[in-house]
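What follows is a short report on a single structure.
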Amino acid sequence: MTVLAWLLVVVPLAAGGALAVAGRRADRAAPAVGVVAGMVTLALAGVSAVSRPATSAPLFTGIHAGLRVDGLSAVMVVTVAAVTTAVLLFSVGDSALAASRFFGLMLLFAAAMLITVTATTLPLLLMGWEVMGATSWALIGFWWRQPRRVRAANTAFLSTRAADLGLYLAAGAALAGGAASLRLDALPHTAEPWLTVLTAGMVIAALGKSAQLPLSFWLSRAMEGPSPVSALLHAATMVAAGAYLLLRLHPLLAATGWAGPAVAWAGASTALLLGLVAIAQTDLKQLLAASTCAQVGFMVLSAGAGGVAGGVTQLVAHAATKALLFLAAGVWLTVLGSTVLADLRGAARVHRLVGVTFTVGIATLAGLPPLSLWAGKDEVLAAAFARQPGLYVAGLAAAVLATVYSGKAAWYLLRSDPVSAEAGRRVGSPDVPVVTNVSLVVLAAAAVVLGVLALPGPSRLVRQTLGVLGEPAPLGWQLAASAAVAIVAAVLAWRWTGTRVPVPSVVTGWLTRWLDLERAAHLLVVRPTLALARALAAFDDRIIDNTVRQATRAALRLARAVARVDDRGVDGAVRQATRGGLRLAHTAARVDDGGVDGIVTAIAAEARRLGRAARRPQTGVLHQYYTQLVVALAALALLLLLAG
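Mind the numbering: the sequence shown is residues 8 to 651 in our numbering, read in order.
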């Protein structure tokens with residue numbers, strides 16, 4: 008089982024890494040390798056969901072890197088792997104994306120999400136979280152030669168990275184509060200006040216990653232990426248990661264008391280306001296992006312209200328539905344060259360299969376019964392009603408808005424004056440690849456079939472799998488009320504879109520610009536930060552650098568003064584001492600020449616004289632030697648007589 012847990016993340020990680028670094032020489036094989044790796048990962052996810060493998064390895068002293076597939080992560084790994092495989096299969100039919108770099112990054116992105124949902128310790132979760140952010144930046148800016156796409160990728164990356172700092176804050180607070188192992192299940196036992204800091208950091212990171220208010224605007228900019236990227240990023244991976252983290256850490260939210268209600272109202276507010284933003288959009292991809300924020304808001308609401316089962320049901324249903332809708336939007340962008348709603352009138356009638364699957368997806372997004380998001384929405388509303396009636400009212404209002412913006416999109420794409428096939432041929436090929444149709448059909452079937460989760464039996468099975476049997480289930484009157492509201496709202500939305508009910512341009516402009524959230528971020532965060540940076544740079548230049556320069560100049564002046572003292576004082580004294588020494592040496596030399604040398608010379612002369620005298624008796628004549636010997640002996644005898 009240990010090997011299975013590692014294989015689940017290693018297969019997409021290794022395949023993605025190999026494709027990402029292989030370069031253009033692997034472009035031809037990349038689509039096949041990518042799809043096969045996705046299918047193998049899906050098979051491993053299915054086996055893991057049944058066998059529930061777990062593994063752990065030492066990471067730091069007292070801290071492990073753990074992976075485990077439990078009830079919640081079992082649902083997530085299957086969802087992530089299934090959506091990834093469907094999106095990769097769809098991408099095979101797009102020649103512009105048939106590159107090893109694209110398929111490699113997509114697999115790395117999916118692997119990072121799998122690590123995030125199976126991690127049991129905060130360090131490993133952080134690693135997956137960071138890789139997911141980096142690969143999302145590369146995928147959004149995939150066509151990097153176009154500056155606007157790079158700017159969009161930078162905006163998305165910096166916005167989410169700013170919120171991601173909350174995870175580092177949480178890790179530090181956990182260590183300070185006694186949760187030294189950094190296990191996720193140990194975090195609720197952190198001591199105060201560190202528990203509050205830890206929870207706040209986690210909530211900030213999760214809300215930022217899931218594009219909840221006030222950081223929702225980055226998701227609008229992320230639409231510059233290829234459509235398959237939008238489908239994967241908005242469906243089961245990055246945007247869902249924050250909601251998953253809040254669902255996973257529900258015990259932590261409950262431990263603080265304040266975090267649950269705060270998270271629930273953050274989700275409800277996002278579902279309401281971004282629902283209005285979606286209604287105001289005139290571009291299909293922007294409408295779907297705003298709807299993603301709103302639908303994820305339901306998941307966040309459910310996590311805050313304690314409805315883990317409802318949040319998971321919403322997450323799974325939304326993954327299939329939103330992947331389907333973004334892929335269909337990608338088809339029309341390729342074939343018709345536009346995603347502007349006015350240019351897509353009747354587009355669903357031009358390509359029948361794409362139109363049928365899109366209709367299924369948009370009806371699911373509208374929350375119409377008995378489709379999957381109707382089931383997920385009612386699970387969420389049941390948890391909200393049990394927590395606080397005000398949350399239930401806000402959630403029901405957000406559900407009405409979801410029906411309205413879905414009805415608006417349906418009105419444009421299904422109305423009776425279709426775009427002509429000739430117009431489609433002028434922009435691009437009207438033929439849709441078989442693999443594309445297969446992906447759309449599979450996702451549409453999932454959007455329909457997942458509606459059975461609302462039935463009592465499957466609903467209980469989901470709760471049992473997640474270990475939350477005590478959570479509230481929707482009552483009969485709640486199911487009937489939400490179904491009636493959805494149907495009435497859908498009819499009114501169709502009529503409202505057709506009659507063009509006038510709305511003040513100030514309001515529509517504000518909503519179309521995503522509540523001016525990006526402008527507010529620039530005014531409240533970016534500009535003050537840049538102003539502070541400029542002020543600090545000026546302080547550095549004028550104070551710190553100037554102080555260093557003045558100190559350097561003072562040091563140089565001191566050095567020159569010391570040099571002058573050295574030249575005139577020390578060097579002068581040394582020169583005088585040297586001159587005195589030379590004079591003394593000359594005097595000593597003269598004394599030496601006149602005295603010592605004279606004595607030595609006299610001694611040497613006398614020695615030479617005595618030597619010459621000593622050589623005289625040495626004549627070489629034998630009788631002279633005898634005479635000298637007789638004289639010497641006589642002198643010696645005389646000396647002895649005198650001494651005696």
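All residues carry an ideal CB built from backbone N, CA and C; glycine is no exception.
Where residue i falls: helix, strand or coil (DSSP)
| i | result |
| --- | --- |
| residue 59 | coil |
| residue 35 | coil |
| residue 17 | helix |
| residue 438 | coil |
| residue 347 | strand |
| residue 101 | coil |
| residue 432 | Any reading at residue 432 is ruled out, since the residue's pLDDT is 41, under 50, leaving its predicted position unreliable. |
| residue 523 | helix |
| residue 77 | coil |
| residue 231 | helix |
| residue 386 | helix |
| residue 358 | coil |
| residue 462 | coil |
| residue 195 | helix |
| residue 150 | coil |
| residue 157 | helix |
| residue 426 | Residue placement at residue 426 is poorly supported in this model, since its pLDDT is 49, which falls under 50; the coordinates still yield a value, given next. In the structure shown, residue 426 sits in coil (DSSP, three-state: anything other than H, G, I, E or B). |
| residue 474 | coil |
| residue 396 | helix |
| residue 660 | One cannot answer for residue 660 here, as it falls past the ends of the chain, which runs 8 to 651. |
| residue 557 | helix |
Inter-residue Cα distance where the pair is residue i and residue j
| i | j | result |
| --- | --- | --- |
| residue 116 | residue 99 | 17 Å |
| residue 542 | residue 530 | 17 Å |
| residue 538 | residue 227 | 26 Å |
| residue 72 | residue 139 | 17 Å |
| residue 399 | residue 36 | 51 Å |
| residue 346 | residue 290 | 6 Å |
| residue 328 | residue 371 | 7 Å |
| residue 127 | residue 203 | 21 Å |
| residue 83 | residue 23 | 20 Å |
| residue 70 | residue 61 | 16 Å |
| residue 235 | residue 65 | 37 Å |
| residue 619 | residue 610 | 14 Å |
| residue 249 | residue 21 | 25 Å |
| residue 5 | residue 455 | The chain is shown only over 8 to 651; residue 5 falls outside these bounds and no answer can be derived. |
| residue 652 | residue 465 | The requested residue 652 is not part of the displayed model; the chain covers only 8 to 651. |
| residue 364 | residue 381 | 17 Å |
Reference residue i, options the options, closest by Cα
| i | options | result |
| --- | --- | --- |
| residue 124 | 159, 88 and 92 | 88 |
| residue 119 | 152, 208 and 247 | 247 |
| residue 311 | 586, 274 and 358 | 274 |
| residue 301 | 67, 278 and 534 | 278 |
| residue 104 | 341, 492, 245 and 466 | 341 |
| residue 192 | 235, 250 and 129 | 129 |
| residue 492 | 135, 375, 317 and 461 | 375 |
| residue 477 | 494, 532 and 389 | 389 |
| residue 177 | 344, 198, 532 and 19 | 198 |
| residue 145 | 19, 237, 369 and 213 | 237 |
| residue 408 | 396, 417 and 373 | 373 |
| residue 78 | 554, 573, 267 and 254 | 254 |
| residue 308 | 285, 164 and 401 | 401 |
| residue 514 | 485, 286 and 526 | 286 |
| residue 335 | 446, 352, 528 and 160 | 446 |
| residue 524 | 284, 243, 366 and 361 | 284 |
| residue 303 | 339, 575, 245 and 269 | 245 |
Strand pairing of residue i, partner residues [DSSP]
| i | result |
| --- | --- |
| residue 71 | 65 |
| residue 262 | Beta-bridge pairing links residue 262 to no other residue. |
| residue 190 | 128 |
| residue 290 | 347 |
Buried or exposed (CB count within 10 angstroms, at least 16 for buried), residue i
| i | result |
| --- | --- |
| residue 233 | buried |
| residue 433 | Unreliable placement is indicated for residue 433, whose pLDDT of 41 sits below 50; the coordinate value is still reported in the next sentence. Its Cβ having fewer than 16 others within 10 Å, residue 433 is exposed. |
| residue 479 | buried |
| residue 319 | buried |
| residue 154 | exposed |
| residue 27 | buried |
| residue 38 | buried |
| residue 143 | buried |
| residue 394 | buried |
| residue 9 | exposed |
| residue 428 | Residue placement at residue 428 is flagged as unreliable, the pLDDT there being 42, under the threshold of 50; the coordinate-derived value follows with that caveat. It counts as exposed. |
| residue 211 | buried |
| residue 251 | buried |
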